[in-house]
Every structure is written in C-alpha cells, then in structure tokens.
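Enquirer:
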Amino acid sequence: MEKNDGGNMENNEKDVGTKEPKINYRGWRVMPFIIGNETFEKLGAIGTLSNLLIYLTSVFNMKSITAATMINVFNGTTNFSTLIGAFLCDTYFGRYKTLGFATVASFMGLLLIQLTAAIKKLHPPSCGSGEIDTCKGATAGQLAFLLTGFGSLIVGAAGIRPCNLAFGADQFNPETESGKRGINSFFNWYFFTFTFAQLVSLTLIVYVQSNVSWAIGLGIPAILMLISCALFFMGSKMYVKVKATGSPVTSLIQVIVVAIKKRSLKPPEQPWLSLFNYVPPSSINSKLPYSEQFRFLDKAAIVTPGDEINPDGSATDPWKLCTMQQVEEVKCLFRVIPIWIAALIYYLVMVQQNTYAVFQAQQSNRRLGNSNFKIPAASYTVFLMLSMTIWIPIYDRIVVPFLQRLTGKEGGITVLQRMGIGIFLSIITMLVSALVEGRRRTIALTKPTLGVEPRRGAISSMSGLWLIPQLTLTGLVEAFAAIGQVEFYYKQFPENMRSIGGSLLYCGMGGSSYLSSFLISVIHRTTKGAATGNWLPEDLNKGRLDYFYYTIAAIEVLNFGYFLVCARWYRYKGTGKDDTLEEKIGSTQSGKTIA
178 MEKNDGGNME
188 NNEKDVGTKE
198 PKINYRGWRV
208 MPFIIGNETF
218 EKLGAIGTLS
228 NLLIYLTSVF
238 NMKSITAATM
248 INVFNGTTNF
258 STLIGAFLCD
268 TYFGRYKTLG
278 FATVASFMGL
288 LLIQLTAAIK
298 KLHPPSCGSG
308 EIDTCKGATA
318 GQLAFLLTGF
328 GSLIVGAAGI
338 RPCNLAFGAD
348 QFNPETESGK
358 RGINSFFNWY
368 FFTFTFAQLV
378 SLTLIVYVQS
388 NVSWAIGLGI
398 PAILMLISCA
408 LFFMGSKMYV
418 KVKATGSPVT
428 SLIQVIVVAI
438 KKRSLKPPEQ
448 PWLSLFNYVP
458 PSSINSKLPY
468 SEQFRFLDKA
478 AIVTPGDEIN
488 PDGSATDPWK
498 LCTMQQVEEV
508 KCLFRVIPIW
518 IAALIYYLVM
528 VQQNTYAVFQ
538 AQQSNRRLGN
548 SNFKIPAASY
558 TVFLMLSMTI
568 WIPIYDRIVV
578 PFLQRLTGKE
588 GGITVLQRMG
598 IGIFLSIITM
608 LVSALVEGRR
618 RTIALTKPTL
628 GVEPRRGAIS
638 SMSGLWLIPQ
648 LTLTGLVEAF
658 AAIGQVEFYY
668 KQFPENMRSI
678 GGSLLYCGMG
688 GSSYLSSFLI
698 SVIHRTTKGA
708 ATGNWLPEDL
718 NKGRLDYFYY
728 TIAAIEVLNF
738 GYFLVCARWY
748 RYKGTGKDDT
758 LEEKIGSTQS
768 GKTIA
C-alpha cells in the first residue's frame, strides 16, 4: 500500500497503486477533532434517544408495549443500516466523506424530532385526565413527520457507526509499536468518551426534557449535533483519509461462486503449495497464510487446464479462478459469523436494561431521601454508564499492564476471553434483575404504595436505587463484551472490509432488538390467558417481568456454552495451519501483529 503526505483534502489521502511520499500519521494530535466530534454526536443522539420511550408514551400517547416495539424496530433498523453504510463507505466514498454526510443527516433528524415537540400541530394533545381511553393518538401526518426524523437518524447512524472507530484508528501508524499501542488505547478511550456523553445525556438533558420542557430538552441535542459537525470539518486538512478501493463484497462473491463451480474437483493434498497464490501489488490487505478451516472454499483457487493467467501473474477471469489470498479473506469472514451470533444473543441483556428497566424505575420510589427531587426514570441508566466510565480507565491503565506481565500477551488476555467474561456477566445481570423486580413487585402488592404512575399503575415504595446493581453489572458487561467486539472485528477483518467489520457490532445490536421484540410479542400472547397472567402488561405490578428476566438468563446460559465452543474452534486471522489460537496471540509479543 502506498501512502502520501500533504496538508489538504486531496493529497492527504491514502491511495493505492501510486508511488508518493509516506503519509504523516498525526495520531493523538487529531484526536481532539475525532473524539470531540464523536462526543458531541453521542451527546446529541443519546440526548434524544435515551428518553424517546418516555416521549412516545407521554407526548405521542402511545401504549408502553407499542412504544417499546417501535423503539426496538427503530434500533434494529438503525443498526442493520450500518451494513449498507459500511458497504457504500468501503466501495465508493471512503470514511471521511461518509462520516461528513452522515453527521449532517443526524443533525437534520434531531432537528425534525425537536420540531415535533416545539410545534403543537406536530404532536397530539396531552391526556387531560391521564386515563388511556381519554388520550388521543397521533394523526397520520404527525407520525409521518416523526418517522421522517427517525429516517434521517437512521441515515446518519448508517454512516457514523461503522466508520468512526475505523477512521480514528486510521490516524495511527499500524507498523510502529507506538501506533499499535495507540490503536488499542484508542478503542478504550473512545468508549470512555462515549460513556461520558451518555452520562451527561442521561442526567442533565433527560432532566430538562422531563422537568422543564420537551422542546428545550430536544433542542439541546440538536445544537450539540451541530457542534459535532463543526468539529469534524475543522480537522479536515489534518486527517489521514483512506480512499475507497472498490467493492470487497465482489471478491467475496467470486470465491463462493467459483468454489461452487469447481465443487467436483478433488482437494489438493498440499493446498498451501499448489493453490493459485497471487497478491496484487496494489492490495492494502496483509498477506494471509493458508488455514485448514472451510476447505471447501479452497477449490476456488485450484488451477485447471481451462484457467488462463495474465503476464503479470493475475487470473484472466476472476469469476473462474480466485487466489488463495481471496479464499483466506472469505474464511476470515466465515469464522467471525459464529462469534457474531453469540454476541447478538448476549446483547438481549442490554436491550432490556434500556427498555423494561425504565418501566421498572417508573413504578419505583424515585425520590432522593426525604426531598421532593425525583430522578427521571430514563436517567437510571446513567449508572450503567458510570460503571463503564470508572472501569475502563482502571482496566486500560492498571488491569491490562498487570495481565500483560502475568500472561505475556499483548492485551493481557485474548479478545475472545474478554468477550467471554462479558457474556458470563450477562447471565449474572439477568438473575439480579429478576430478583430486584420480584422484590419491587412484592413490596408494591403487600405494602403501602406511593401513589399511581399515570397510565401504568401503583408506585412501589421500593427505592429506585435498588436498580443500581443490575445497571452496574450491565455496564461491566458492555465494557468487556462490546469493547472486545469492536477490537475483534477490527483486527479479524481484511483491511479493505474494516468498515463492514465495524458494522457487525451494530448489526448484532439490531438483531438483538428484533429478537427482543419477537420474544416480547410471543410472551405477551402466550401468557395472556395463562394461570400466572400476562407477564408483560402495562402495569408491571399485575405482571411477572421477573419471569421474563429469568427466561433471558436461561437463554444466556445456553449462549455462553455455545460461545465457549466457538471460541475454542476459532483461529485468529493470519494463523497458519499448525498454529493454535494461543500461539497466535502469543506471537504478538515477538513483533507480529494480528491486525
């Protein structure tokens, strides 16, 4: 890969196939623009989305199950859209242009949602008595305007989420030790600023929305997103910009198609010697050794008498003959998929803490001591972010160096081990959540209540602070599993597919949102006429949310066992046929890198 240096948008881009001066990696010097952009972008987006459930039920007069389903579908669509954004980024536009367009789209989406609160004609009238049957729902036009704002946010997320981490990592030189350390540390500090933004959003912004004005509370995130746009473009002349290199998906499809065409061929005895092995000089991908897994794909690189080779060594028709490098890149993707499925299922825990935990808070005692100050229900998830904010610096600066000395491995523990710890903690989280909900419900039914939450039910005298343990555990789950996933996808995907790799994290979140909606729908229908009654009614005191939590805990136990099997089977990118997973990780200590 050829790189060049320069001070403007045109000549400060990484290009391939051209011989130009080496690029000037500015590393941490451009992080104020990148992390600043990301921080204000999250302040804006989370400032709106974190309280959206309450907004839909209190301003748009939706039933809780309708609002929860809409939020889950919105989150699912938002996260799956990152796959399209990543494809367009890697194929046509590059990360810089994609991020620039997406940041502006996010600003427009937040502005439209703010207008639904500021302009009376864009939302239904408020419920005078608080009773469901006197509440008027939104008109088709009002919903259309709201959904237009949602659509713009989806477009913004499609570009921002898969590209921002990879774009930040692009600013470090991956060939130097300081650059490698910078990339690893960037992942941790990226999430630190992310959680800081969530802390502010879930406290100050949510408080303004719930207690001052929805119009002002939703206007603040829109202004913060505008600042995010300005910060991003201020650093334009300093960024390292990786140009799009064409569709990496085409190469993937070619391998699958050619392997099917040549399925009748006999596998070679020594494929690492006999397969067609050509790497284009313009390729930005690191050369991969032969690996034993998914050997049926090897047939795509078997040279037959009918295959023609160009003078430069490349195949005349890539739809008839693929290279071993192409095959190994497809194997990288195939190996990741089973791990991704486990990550999708673990994220069910996160979805519940962002939806039903809010409903739990609504029917708990949210007053601080004997004061009249009441914590907004959506703000309780701040404890999730607080545990991440405290843990990440401790992990990065204390735990990792200690584990490095103990194990001799680059990150102290392997990326899959880090994810495994997170998935195990997800089981504990759901068990604690179920116990807390059982206690909240029992107190509500057996002891004096603190009034009635409009459109829901009696408020339990149990302090909302009892929700802190489950939310703290959820923060630790994300600190281990989510950050581990980001690093895993970045390092295990070929270099020209890293934006697509980054989108997998969000596709997993999207899949979890859809799966959660499916589970809620099934349990809502099947328990409606059961002896125990509907588990998930509007009034949680009449339901059994704790049973729902136990069900998810059981699912997570099965998922943990599945993950352990997949992790034992997995071989890291660049691992040869005789290397074990542990040997590959250990080799990073002698100067070899997985990424």
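Residue 701 in the working numbering is what sits at position 524 of the sequence shown, and the numbering runs on without skipping anything. Glycine is no exception: its CB is placed at the ideal position from the N, C-alpha and C atoms.
Considering only the alpha carbon of each residue, which of I461, A519, V663, A534 lies closest to G738?
Expert: Selection I461, A519, V663, A534 evaluated against G738 yields A519 as nearest (Cα-Cα).
Enquirer: Could you say which of T225, G599, K298, V507 lies nearest to V385 if we only look at CA atoms?
Expert: T225
Enquirer: Compute the beta-carbon to beta-carbon distance between T370 and I212, rounded to the nearest angstrom, for a pair I have assumed lies under 8 Å.
Expert: 5 Å
Enquirer: Could you tell me which whole alpha helix (DSSP H) segments of length 4 or greater appear in the segment 439-506?
Expert: 448-451
Enquirer: Thinking C-beta only, is I620 closer than 7 Å to A640?
Expert: The amino acid at residue 640 is misidentified as Ala; the sequence shows Ser. No; because the gap between Cβ atoms is not below 7 Å, this pair is not in contact.
Enquirer: Buried or exposed: where does P198 fall if 16 or more other Cβ atoms within 10 Å of its Cβ makes it buried?
Expert: Legend: pLDDT at P198 = 49, less than 50; position of this residue unreliable, value from coordinates given subsequently. Answer is exposed; the Cβ neighbour count stays below 16.
Enquirer: Count the other CB atoms, across all protein chains shown, that sit within 10 Å of the CB of F511; report buried if there are 16 or more and exposed otherwise.
Expert: By the neighbour-count rule (16 or more Cβ atoms within 10 Å), F511 is not buried but exposed.
Enquirer: For E446, does the count of other Cβ atoms within 10 angstroms reach 16, so buried, or fall short, so exposed?
Expert: Residue burial annotation: E446 is exposed, with fewer than 16 other C-beta atoms found within 10 angstroms of its C-beta.
Enquirer: Which whole-angstrom value describes the C-beta separation of V773 and A477, a residue pair presumed to lie in contact below a C-beta threshold of 8 Å?
Expert: Because the chain spans 178 through 772 in this model, residue 773 falls outside it and cannot be assessed.
Enquirer: Please state whether the Cβ-Cβ distance between Y523 and A658 is less than 7 Å.
Expert: For Y523 and A658, yes; Cβs fall inside 7 Å.
Enquirer: To the nearest whole angstrom, what separates the beta carbons of L593 and Y747, a pair I think is in contact under 8 Å?
Expert: 6 Å
Enquirer: If you compare alpha carbons, which of S689, I567, E354 is closest to T649?
Expert: I567
Enquirer: Out of G661, M674, G271, Q539, state which residue places its alpha-carbon closest to the alpha-carbon of D716.
Expert: For the residues G661, M674, G271, Q539, the minimum Cα distance to D716 belongs to Q539.
Enquirer: So the candidates are V250, M285, L324, T372; which of them puts its Cα closest to the Cα of L299?
Expert: Nearest C-alpha to L299: L324.
Enquirer: Hey, could you find the ends of the alpha helix (DSSP H) D716 is sitting in?
Expert: From DSSP, D716 is part of no alpha helix (DSSP H); its letter is neither H nor E.
Enquirer: With DSSP as the reference, identify every bridge partner of R544, one or two as the case may be.
Expert: Under DSSP, R544 forms a beta bridge with K551.
Enquirer: By the DSSP assignment, the alpha helix (DSSP H) with D723 in it spans what residues?
Expert: 722-746
Enquirer: Who are the near neighbours of M674 in its chain, counting only those whose CB is closer than 6 Å to its CB and skipping five residues on each side?
Expert: Only P425 meet the Cβ criterion.
Enquirer: On the CB-based measure, 16 or more other CB atoms within 10 Å of its CB, does W496 come out buried or exposed?
Expert: Looking at its Cβ environment, which holds fewer than 16 other Cβ atoms inside 10 Å, W496 is exposed.
Enquirer: Which two residues bound the contiguous alpha helix (DSSP H) that contains F665?
Expert: 660-669
Enquirer: Assuming L722 and Y533 are in contact, meaning their beta carbons sit under 8 Å apart, how far apart are those beta carbons, in whole angstroms?
Expert: Right, the Cβ-Cβ distance comes to about 6 Å (below 8 Å), so this counts as a contact.
Enquirer: Select from L692, T591, P482, L220 the residue whose C-alpha is nearest the C-alpha of I382.
Expert: L220
Enquirer: Looking at the structure shown, is S355 part of a helix, part of a strand, or coil, going by DSSP?
Expert: helix
Enquirer: Taking 7 Å as the threshold (C-beta atoms), are N365 and I223 in contact?
Expert: no
Enquirer: Mind checking who G634 pairs with in its DSSP beta bridge?
Expert: E630
Enquirer: Taking DSSP as the reference, what is the three-state secondary structure of S698?
Expert: helix
Enquirer: Can you give me the Cβ contacts of I248 inside the same chain, cut-off strictly under 7 Å, excluding the 5 residues immediately before and after it?
Expert: Contacts found: L229, L230, T532.
Enquirer: Mind the definition here: the segment 264-278 touches the segment 348-358 only if three or more C-beta pairs lie below 8 Å; say whether that holds.
Expert: no
Enquirer: Return yes when the Cβ of M565 is within less than 7 Å of the Cβ of T372, no when it is not.
Expert: In contact: T372 and M565 (Cβ atoms closer than 7 Å).
Enquirer: Considering only the alpha carbon of each residue, which of N238, I331, A656, S283 lies closest to C304?
Expert: N238
Enquirer: Whose CA, out of G588, N201, A335, lies closest to the CA of T259?
Expert: A335
Enquirer: V250 lies in the alpha helix (DSSP H); which residues open and close that run?
Expert: It spans 241-265 - the alpha helix (DSSP H) in which V250 sits, taken as one unbroken run.
Enquirer: Mind checking who S640 pairs with in its DSSP beta bridge?
Expert: N542
Enquirer: Hey, how far is the Cα of T195 from the Cα of P671?
Expert: Note that T195 has pLDDT 44, beneath the 50 cutoff, so the model's placement of it is unreliable and no number is given.
Enquirer: For S241, I'd like the list of residues in its chain whose CB is within less than 7 Å of its CB, leaving aside the five on either flank, ordered along the chain.
Expert: T234, F536, E715
Enquirer: Give the range of the alpha helix (DSSP H) segment to which Y232 is assigned.
Expert: 229-235
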